[in-house]
Amino acid sequence: MDDLLGDVNQDGIIDATDTGLIDNDAFGFVSGYIDTDLNGDNFADATDLGIAVNNSFNFVSVIRP
């Protein structure tokens, strides 16, 4: 599957499910090598949430034939 920046659950579309997962990890101060760390700083935080939300608002998704 194509990697979409923000598609945390790898279902091919960036939506509220993905942003919810990031929000939950950010609220729990989760760190390390995690799927919800979109910018690679080893923390799930508002920066990662912003990336996913922006891509969600732009309807970023996988298009398959």
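Just so we're aligned, residue 3 is where the sequence shown starts under our numbering, counting upward by one.
Here a beta-carbon is modelled for each residue, glycine too, at the ideal position from N, C-alpha and C.
Within the same chain, show all residues whose beta-carbon is closer than 7 Å to that of residue i, passing over the 5 residues directly before and after it, in chain order.
i	result
L23	V10, N11 and T38
L7	L40, I53 and N57
N26	none
Quick one, which of the options has its alpha-carbon nearest residue i's?
i	options	result
A28	D20, L51 and I15	L51
A48	I15, T21, I16 and Y35	T21
Looking only at DSSP bridge pairs, what is residue i linked to?
i	result
S63	I15
Could you have a look at residue i and say whether DSSP puts it in helix, strand or coil?
i	result
M3	Reliability fails at M3, whose pLDDT of 41 lies under 50, so the model's placement of it is uncertain and the value that follows must be treated cautiously. Looking at M3 - three-state DSSP - the assignment turns out to be coil, as it is neither helix nor strand.
Which same chain residues, not among the five before or five after residue i, have their C-beta less than 8 Å away from its C-beta?
i	result
A18	S58
Near residue i, what residues of its chain come up, given a Cβ to Cβ distance below 6 Å and the 5 sequence neighbours on each side ignored?
i	result
R66	none
query: What are the start and end residues of each continuous alpha helix (DSSP H) run of 4 or more residues lying completely inside the segment 8-50, in chain order?
result: 18-29
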